[in-house]
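Data block below; observations after.
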Amino acid sequence: MTDRIGVAPDRDASQSGGRRRELAAATVGSVVESFDWNIYAVLAPYFAADLFGHGKGGVSGVLGAYATFAVGFVARPVGSYLIGRLSDTRGRRFALSLGMAVIAAASLGIAALPGQRTIGAWAAVLAVVARVVQGLAFGGEAPSVAAYVTETAPPRHRFAFSSVSYGGIILGSLLSFGVLTALIHTIGKSGLENGGWRWGFVVAALLGLGAVWVRRAAPESAEFRRARARVPEGGRAPFLPMLRQHRWAVLTVFLNTLGATIGYYFALVYLPQYAAAYHVIDKEQAASFMTVVLAVVLVTMLLTGAAADRFGLLPVARLGLGLPVPLVGVLLAGLREGWLPFQAVAVLLGMLVATVLGTLNVFTGLLFPTEVRAVGLGVVNAATIAAFGGTFPLLAEWLESHGALGVIPVYVTVCTVGPALALLTAMRVPSFAAAVREAEAGARRTPGTV
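All residue numbers for the sequence shown refer to my numbering, where the first residue is 33 and numbers rise by one.
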């Protein structure tokens, strides 16, 4: 017997080999989600004219591309609600497989989309439609992964699993810059602008199909199955009262997501264009160096997760969430001083972001009970990302075009306060505080095995 989208029958996560399949299922989807989302951002300057037309200096085409990027974010909260409900009722595995299938199909559609010279304004319209569809699927991806990892990771290696699963997002970003670098070296900037950008979305579609295959074989969360058995059909609380009931969890997710999102999109996606605007380095050269930055970020995330398991979440979180606040503004001021300062600042900014991301999946997953974990976490997460992450490239492009790019460091610095405050509000959630204390007690004992 299979689910409607071809997911294999339920297997308990505790069966032999289940741990590896769980981690692979969570991580591979994160890789694809990040690659798919970021390949659009890094290729936008190259396909803007093809799909969105030319403006004075090419600005309107790039603005159109980034506006479509923002529209995809707007669809995320809707998708997080729809797929989150499926995740909390049909199962984590079902929701993860469904979302990835939709992502792959939309990527293939963008790769095959005719340009404005062929179908006129319909090129932009269809690009928007494809991004909305992807946004719906992406909205359910992150919370379903966070819920799945929170429920299936072994307690003494919980944050290591969190760092690996979220590390998939960094791997996806690394792949997106790697593909961009390979395309630049193979066909050049002119080749990218003349249709070569489509290869990035072909790669995204193929990766998505591979992720669907991996997730079909993944075991279901045993914790989810126990929770489903406790809640009768139709017995789940209405959505808005549920959010009010978990208001401290909602506030914590908002604050954490705010800082993580702005830090991620500035330090790991927009930074090359920011540096290019100050004539520190050209975009292509900066994009190539970002592969080094992302590799450092990935290693830092893995070390952060391991440290949280070894020493407890609170000591690691206090350092990782509080440190960026005084440092970000200083680092951004030094970014404009030349090529070597750019390299140093890019690496340090990436490491600061990594300390937040390394524990994020489990940190936020522990805030909600199993019965509403995906939808509760997902809607707040997606709405915050839509409001701040989705508008960040558009805001930055607008500021650059109006000679006010210096406002960005102030904006980024203010947003980094969010994760520091989130640690305080999280401890107001009784279940989270209890889980953290239990984990810290376990960290003082001899570590077990997975």
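For glycine and all other residues, C-beta sits at the position ideal for the given N, C-alpha and C.
Asked: Contacts around V110, its chain only, beta-carbon distance under 7 Å, and the 5 residues preceding and following it disregarded; Found: L168 and G171
Asked: Residue burial classification, V439 (beta-carbon count within 10 angstroms, cutoff 16); Found: exposed
Asked: Beta carbon of R163 nearer than 7 Å to that of V103; Found: yes
Asked: Contact check, A179 vs G397, beta carbons under 7 Å; Found: yes
Asked: Contacting residues, own chain, Cβ-Cβ under 6 Å from W229 (five flanking each side not counted); Found: L75, Y78 and F79
Asked: Cβ contact check for the region 329-336 and the region 456-472: 3 or more pairs under 8 Å; Found: no
Asked: Nearest to A137 (by Cα), restricted to the options I216, L238 and T121; Found: L238
Asked: Integer Cβ distance of V385 from A299, believed to fall under 8 Å; Found: 5 Å
Asked: Whole-Å CB distance - L215 paired with L206, under 8 Å assumed; Found: Not quite, the Cβ-Cβ distance comes to about 15 Å (not below 8 Å), so this is no contact.
Asked: Distance between Q166 and V134 (C-alpha atoms, nearest Å); Found: 7 Å
Asked: Distance CB(V234)-CB(A143) smaller than 7 Å; Found: yes
Asked: Neighbourhood of T323 by C-beta, 8 Å cutoff - its chain only, sequence neighbours within 5 removed; Found: L206, F209, G210 and T213
Asked: Nearest-angstrom Cα separation, counted from W430 out to L437; Found: 9 Å
Asked: Residues near D341 in its chain [Cβ-Cβ closer than 7 Å; skip 5 each side]; Found: R188, H189, R190, F191, A192 and A475
Asked: Beta-carbon gap between V331 and A57 smaller than 7 Å; Found: no
Asked: E173 classed as buried or exposed, judged by whether at least 16 other C-beta atoms fall within 10 angstroms; Found: buried
Asked: Cut-off 7 Å between Cβ atoms - residues of its own chain near F286, not counting five sequence neighbours on either side; Found: V412 and T416
Asked: Residue nearest to I294 in terms of C-alpha spacing, selected from L275, L455, V442 and W280; Found: V442
Asked: Distance, G410 Cα to L95 Cα; Found: 28 Å
Asked: Per DSSP, the bridge partner or partners of E255; Found: For E255, which the question treats as bridged, DSSP gives no partner whatsoever.
Asked: Nearest residue (CA-CA) to A259, options V449, S62 and D120; Found: D120
Asked: Helix, strand or coil at G90 [DSSP, three-state]; Found: Its pLDDT being 45, under 50, G90 is placed unreliably by the model, and the measurement read from it follows with that caveat. Correct three-state label for G90: helix.
Asked: N- and C-terminal bounds of the alpha helix (DSSP H) containing Y198; Found: R190 to G223
Asked: Local conformation of L145 per DSSP, three classes; Found: coil
Asked: 6 Å CB neighbourhood of Y297 in its chain, flanking five on each side removed; Found: G421 and F424
Asked: 7 Å Cβ cutoff met for V196 and T402; Found: no
Asked: 7 Å CB neighbourhood of R53 in its chain, flanking five on each side removed; Found: A249, A250 and P251
Asked: Where W245 falls: helix, strand or coil (DSSP); Found: helix
Asked: Boundaries of the alpha helix (DSSP H) in which L275 is found, first to last residue; Found: F271 to Q277
Asked: beta-carbon V446 near the ligand ZN non-hydrogen atom, thresh 6 Å; Found: Although the ligand ZN was asked about, the structure shown includes no ligands whatsoever.
Asked: Three-way DSSP call (helix, strand, coil) for L425 in this model; Found: As written in the sequence, residue 425 is Pro, which differs from the Leu given in the question. Here P425 sits in helix by DSSP.
Asked: Chain-order list of residues whose beta-carbon lies under 6 Å from that of G232 (same chain, five-residue window excluded); Found: I71, L75 and V211
Asked: Contacting residues, own chain, Cβ-Cβ under 8 Å from G90 (five flanking each side not counted); Found: Interpretation of G90 is limited by its pLDDT of 45, a score under 50 that renders its predicted location unreliable; the figure taken from the coordinates is listed afterwards. So the qualifying residues of the chain are A80 and A81.
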